[in-house]
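Chains as they are written, first to last, in my numbering: chain Y, 57 to 444; chain W, 62 to 558; chain R, -1 to 331.
By construction, the Cβ of each residue, glycine as well, lies at the ideal position given by its N, Cα and C atoms.
Given the structure is predicted, the values throughout are model-derived calculations rather than measurements.
Notes for the one structure printed next.
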Amino acid sequence: MKKKLVVALLSLTLVGTLLMGCGGNGGDTTTDDTTTETADNGGDDGAADADTNDAPAGGGENIQIVSKGFQHQFWQAVLQGAEEAAEELGVTINFVGPNSESDIADQVQMFQNAINQHPAAIGLAALDTEALLDGIAQAQAEGIPIIGFDSGVPDAPAGSILANASTDNYAAGQLAANEGWNAGIRDRVVNANGSVRIGVLSQDATSESIINRGLGFIDQIATLVEAEGLTVSITGNTRYVNDSAVEETGEGGDVIIEVLVPSQVTNELSAIDMQTLLNKEDTIVIYGSNQHSGEAMVTGNATIQRLGVGADDVLGIAFDSGATIKQAIRDQLFMGAVTQAPVAMGQAVVQLAVAAARGETVSDVDTGAQWYTADTIDNPEIYQNLYD
Amino acid sequence: MGEVILTMEGIDKSFPGVRALDQVSLEVRKGEVHALMGENGAGKSTLMKVLTGIYTKDAGKITYENKEVVFASPKAAQEAGVMIVHQELNMLNHLTVAQNIYIGREKMSGKLIHDKAMNKAAAALFQRLNIEIDPTETMGNLTVGKQQMCEIAKAISHDSKVIVFDEPTAALTESEIKELFKIIRDLRAKDIGIVYISHRMDEIKEITDRVTVLRDGAYVGTIDTEEATKEDIIQMMVGRVIYEEPKSKSNVAKDAPVVLEVKNLNAGRMVQNVSFRLHKGEILGFSGLMGAGRTETARVIFGADKMDSGEVFVNGQKVVIRSPQDAVRNGIGYLSEDRKRYGIVVAKTVAENTTMASLENFMAGLFINKKKEAQVAEEYVEKLKTKTPGVEQFVVNLSGGNQQKVVVAKWLVRNCDILIFDEPTRGIDVGAKSEIYHLMNELVKQGKSIIMISSEMSEVLRMSDRIVIMCEGRKTGEMDISEATQENIMHAATRRE
Amino acid sequence: MGAGVKKGNAFTNNPIVKTVGTQKIVVIGVIIFLAIFFSWMSPAFRQYSTVVSIFDFSYYVSLMAIGVTFPLITGGVDLSIGTGMVAAGLFAGNLVNQQNLPVGLALLVCILFGVALGCLNAFSVAKLNLPPFIATLSSMMIARGLGSILVGGMSVTWPAGATEQGWFRSIFRLDANGTLIPVGFILILALVIVMSVFLNHSRPGRYIISVGSNKEAARLSGIHVAKWHALAYIISGFFTGLAGVAYAATFQGIVPGTGAGLELDAIAGVIIGGTSMKGGYGTIGGTLLGVFVMSLLKTGLPFIGLQANWQQIITGIVLIIAVFIDVTRNAKK
C-alpha cells in the first residue's frame, strides 16, 4: 500500500508541476510586460476600443511578432533587440513562436491570433509561407502591415510584405567562403596532390535561409577555385546540386563540393553526416550552415578528431554561435564562424514595423553578418551578437 | 443409413517430432451420426483439420461423393459441402446474429449489405431448426449455449452434406442439449452425414449410430453403437478398463471440523444470499445448470470478483478477502474452469507454473533458486503423474488433463488446504478424468478440503460427499450424497424463486 | 495436437542455439554480416574510430530500449521515452546552466525526472487501467511540452567535455592520452547483465513476464499484478532518465520539442531483438543486439554511399523481417 501511495504521489507531483508550468506562461514564450504597462499608460487618451491602427503617432502601438520559436538562443537575442527597440519607441510588443521549427500548424494559429488582435503591425518569420497565405491576405485586407524578419516570408504575394529585416543569407555564406579561403582553404586547394573535398553540412533542404547560406558558400568557393584555374564539381543533396551555380556534378572536379542533409533533424543523424565527411581522406574543409550543424560537427569530430587549424587538420567553419560553437572557436577546433546580428535584427523589425504602422515608407534592411575567429571573438562588436 | 458419402483412408500426418496420424481411416454414410472418439491427443482434431484443408496430409486418400478430393482450405471444403462446427466459438461479438451467420457471403442489395434480407433468412433458418433466437440481437449478448446454436445454424445454412460437430455440448445446458439433439436427428433424417466428436459417453449412446475410436494417432476400430457398451468404448479408447461406481455414502464424519464457512454472501445478481459450510476432508459438490451462479460464488470467495456483502470464516476465524492474494494467504486455491485463460501461463514452463503462487519460498536472496524450483516441480510431476517430457516443457504443449495437474500442483506447493475445482474435467479425456478423480480423492484423504463445481451429473454423484445446488444465484438445495439422486438434484437445480 | 511435444530441427536443437535463442543467433549473424559487408565495401569503415562512433551513438537508444523492453514484455508499450529523455536532459541541464547545480546532482535529477515520468505512466496504466498506447502517448505529449516550458523554450547545452563540469562526458567515452575508450559500452553491457538477471531470476522479473503472458492467470495465482505492471513502466522511466544522461553526454545542444520519434528507434531495436509485441516474452540481450543492428545500419550505410532516406528504408525492411520472425514463431505456438 505504501508503495502504491508513493507511485500515486510522484505521479501527482509531476502533473502538478506541469499544471503550474502551464499556469505560468501558457506554453508559448514570452512577452515584455514592462513595456505593456508603459503602453497602457501612454495609450489612455486613446479609448480602449479605438482601432490601434489609428493610434497616435506619439507611440503606444501594439506590434505582434511571430517568430520561428525559441529553441535556438539566436531567437533570445532577437527578442532582446526587439524589446530594446520597443522600449525606445514606446510601443508594446507581443513576441511569440511555436515550440519547434517543425510545428507549422502552431505558427499558423499564432499568426491568426496576432491578426485577431488588430495590431498596428505584424513582424513575421515564416516557417512555411504557403500555410500562412490566408492569414496574409486577411491582414492585407484589414490594412495591417507585415514586416518580414530572419528568413522573412519567402515567395509571399507581391506587396504583402512591406519590408524585411533579415540577414542576407547568401551574402553571409559568401562571407564564410571568402574569409575561409584567405585563412587557409586556398593553401590547401592550391597545394593539393590530386582532388580535394569541401563538405557542406545542412540541417535541411527546405528552409530558405539555410539553403541560401549553403549556396552562397558553395558558389563563392567555386568562383574562387576557378579563379585559380582549377575545376569544381558538386555532389550530394539534389536540391543543392540543382540550385548551385556549379555546373559539373559528381566527383570529377579538382575540388569536389559534397552537400549532406539528414533524413530527419536529429543530433545523431547530423553527427553521422559529419563523420561521413571526416572519414573521407580528401576532405579539407567542412562548413556547417547553422547552429545545429555546427554542434553536429563537434559531436561527429569527437571520435574521429580530424578538425583543427594545423597543417594536416580538416578546417571547420560554422555559422551562428552557442556555447558549443564558441568553445570550438576558442579551442581552434573551428577556424572561424559567421554570426548574424540577431540583436540588430530584433531592433530592425520593430523599427520597420512602427514606421510602417505610422505610414512611413519602409524598405529592406540587411542586418548584416560578421566573420569571427579565436582572435576576434571577444571584440565587443562581435561579442554582443554571440549567445550561449 | 444411406450410401457412403465420405471416406478417409490411410491418412498419415506428421509434425516435427510427432506422428499425429498413422494410417487413420474414417467412413461416413449419408444420414448417419458417426461418433469420433479418443482421448485428447488421440488425433481427432488433426484428422478433422486434414479433412477440411487446414492441414495437408502426408499420405492417404479422401473420397467425397465418389471422387477423390483434396480441399485446399476450409473455404473450399465449405463450398463443397463439408462444414465443421468448432468447439471454440468463432463469433464476432459486436455483430448481430444474422451478420455472423452470413459473414463472408453477405446478402447484397447493389453495392450495399442488405441486412434486412439476412435477418429474414436467419429467422427462417431458426424457425426451421426450432431455435428461438432474435437474428438482430448482438452476438455478444447471447449466452454461450445460444452462441453455439448460432454456430450450428451457420453450418446448416451452408447446405452442407457433411457436418462435423467438435464437442458441441461442452457449453450447453441440459435443455439446450435436447434441442441440439433434435436438430441433429432432423439433419440425419435429411440424409446429411454427421461426424460427432464428444467425450460424453451418455451422448454417444443416445445420438450416434457408429463409433470410430482413435488412440495415440492410430485407428483402433469402428463399431455400431447399439452393439457396444460404454465399457467397450472406453476400453478401446484407453486400452484398459476403468469404471467407478457412484459414491453411496459420505466419507466424512458428521463432526469433522468446518474449514470454510460462508454466510449470506451477496455479489450482484448471480450471487444472492449464499451460505454453506465445508468440512475438513470433504468434497463438496456444487451442482446446477449453466448460469446458476456457482462460478461467480467461487470467484467472490476467492477474491477475484467484488463481494457486496457477506462473511467468510476460515477455520472458524473471520477473514476479509478482497483479492486473490488474500484468499491465497488464507490457504484457498482456485482452479478455473477456463485453464487457458485463467489457470496457467501458457508460454511458461511446468516448473514456472508450479511455483507461480509461492515463488517467495523459492528465493535464494534476490534470485530465484531454479534448481529447487525444478526439484519441487519434478516431485509434483511424479506425485500427480503428470505426463510431461520434463519440467522445462512449456505447459501449452501438454494435454488438458496434464495442464490441470500443473494447476493442482501450483496450489499444493502453496500449501492450500481449501481447493476450489471449477469444472475440473471439462475438455479432459476419459483416461485423464479418472486420474483427476483419483487425485481429488487422494487430496481429501490427506486432509485437504475441496469444493467441486461440476455440470456433469455423473461426476457430482461420483465424487461428492455432500452437494450444494444452485439456481439463478441462490442456493436451492443441499443434501448428503446418500440422499442424492439425479432427480432430486435436477429438481433443486430448476427451482426458481 | 497439444499432447505432442515439438522436437524442432537440427539447428534449433543445437545446445548453443537453444541457450541463446534462435532469433538472437540470427541477429548476431546479421550483425557479423553487416560488419563484414561494410568493411569490405569501404576501407574507411575499418577504423577504430568507427567502432567508437557506433558505440557512442548507440548508448542513448540502448538505454531507452532496455527500459522499454519491460512494458513491451507486459504486452504494453511506452511511447514517452523519446520526448521524456529529451525533457529530462533539458530540465537537468538547465539547472546546471542556470542554477549552477553540480553536474553530479544534475545527473541524479535527470534520472529522477525519468522515474517520475515512469510513475505517471505506471499510474495511468496499472491504476487507471488506461490502454498503454494511449496512456504513454499522452505522457509523450506532456513530456514534450513540459520539457519546453521548464527551460523557457530554449535549447540547453550541458557543459563541454573540456570544462571542469564536463567530466560526466567521460562516463561514456574516456580519452586516455588520445586513445578513446568506449567505456559506455562496458556500462551498457553491465546493465544488460543486471537487467537480464532481474528479468529471469528475480520475482519481480518473473511476475512482469507473467503479466504479459496471462495477466488473469497471474492474478488468480494471488500475484499483485497491478504492482508488477506498474513496476515495468517505472523501470522504463528510470532508463529514460539514464538515456537522458547518455544523450546529454554524447551530443551538444538538446533542443526543446524534439525527441518524438526516437522512442520508435528504441522500440524497433527491441522488436528486432526478439521481444514479442504481444508480451510474455523478451530478452534484454536480444534488445541490445537489436539496437546494434539499427546503429550499425545508421552508421554503416553512409560509408557505402547510401544517404539519409536509404537508411530509413533499409531499417524499415529489417524491422518487417524481424516482426515476421516474431509472427512466425507465434504461429508455431
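| query | result |
| --- | --- |
| Cα-Cα separation between Val302(W) and Glu496(W), rounded to whole angstroms | Because Val302(W) carries a pLDDT of 46, less than 50, the predicted location of this residue cannot be relied on, and no value is offered for it. |
| C-beta neighbour in chain W for Glu214(R), strict 8 angstroms | yes |
| Within chain Y, partners of Ser146(R) - CB distance below 7 angstroms | Asn155 |
| Burial state of Gln173(Y) (16 or more Cβ within 10 Å) | exposed |
| The beta strand (DSSP E) enclosing Trp427(Y), as first and last residue numbers | 425 to 428 |
| Three or more C-beta pairs below 8 angstroms linking the stretch 232 to 246 of chain R and the stretch 106 to 121 of chain R | yes |
| Alpha carbon of Ala261(Y) to alpha carbon of Val297(Y), nearest angstrom | 11 angstroms |
| Short CB-CB distance (under 8 angstroms) between Thr285(R) and chain Y | no |
| With 16 other Cβ atoms within 10 Å as the buried cut-off, status of Tyr443(Y) | buried |
| Outcome for Gln97(R) when other beta-carbon atoms lying within 10 angstroms are tallied against a minimum of 16 | exposed |
| Three-state class that DSSP yields for Gln378(W) in the structure shown | strand |
| Residues of the stretch 362 to 395 of chain W with Cβ closer than 8 angstroms to any Cβ of chain B, in chain order | No chain B appears in the structure shown, which is made up of the protein chains Y, W and R. |
| Contact list for Gly125(Y) against chain R, beta-carbon separation under 8 angstroms | Gly151, Gly255 |
| Three-state secondary structure (DSSP) of Ala160(R) | coil |
| Straight-line gap, Met27(W) to Val321(R) (C-alpha atoms, nearest Å) | Because chain W is modelled from 62 through 558, residue 27(W) falls outside the range shown and cannot be assessed. |
| Cα-Cα separation between Arg269(Y) and Ser40(R), rounded to whole angstroms | 31 angstroms |
| Opposing strand residues paired with Phe375(Y) [DSSP bridges] | Val394(Y) |
| Beta-bridge partners of Met69(W), as assigned by DSSP | Leu87(W), Ile123(W) |
| Chain-order list of residues whose beta-carbon lies under 6 angstroms from that of Asn351(Y) (same chain, five-residue window excluded) | Per the sequence shown, the amino acid found at residue 351(Y) is Glu instead of Asn. Correct list, in chain order: Thr380. |
| Cutoff 6 angstroms; reference Thr273(R); Cβ partners in own chain excluding five residues on either side | Thr67, Leu70, Gly280 |
| Under 7 angstroms from the C-beta of Ser218(W): neighbouring residues of chain R | Ordered by position in chain R, no residue passes the 7 angstroms Cβ test against Ser218(W), which lies about 29 angstroms from the chain. |
| Within chain R, partners of Ala418(W) - CB distance below 8 angstroms | Ser219, Gly220, Ile221 |
| Option in Glu533(W), Lys466(W), Thr230(W), Gly534(W) with minimal Cα separation from Met501(W) | Lys466(W) |
| DSSP three-state assignment for Leu77(R), whether helix, strand or coil | coil |
| With 16 other Cβ atoms within 10 Å as the buried cut-off, status of Gly114(W) | buried |
| Below-8 angstroms beta-carbon distance, Met69(W) vs any chain R residue | no |
| Min CB distance Ala10(Y) to chain R below 8 angstroms | Only positions 57 to 444 of chain Y appear in this structure, which leaves residue 10(Y) out of reach. |
| Range covered by the beta strand (DSSP E) that runs through Gly255(Y) | 252 to 257 |
| Sufficient close CB pairs (3 or more, under 8 angstroms) joining the stretch 133 to 151 of chain R to the stretch 314 to 326 of chain Y | no |
| beta-carbon Met152(W) near the ligand MN non-hydrogen atom, thresh 7 angstroms | Absence of the ligand MN is noted for the structure shown, with no ligands found whatsoever. |
| Contact list for Phe236(R) against chain Y, beta-carbon separation under 9 angstroms | By Cβ distance, chain Y contributes nothing, its closest Cβ being about 12 angstroms from Phe236(R), past 9 angstroms. |
| Between the CA atoms of Lys536(W) and Ala553(W) - distance to the nearest angstrom | 9 angstroms |
| Per-residue burial, Pro318(W) [other beta carbons within 10 Å of its own, 16 or more giving buried] | exposed |
| Straight-line gap, Ile405(W) to Arg167(R) (C-alpha atoms, nearest Å) | 48 angstroms |
| Secondary structure of Val181(R), DSSP reduced to three states | helix |
| Coarse secondary structure for Thr326(R), derived from DSSP in three states | helix |
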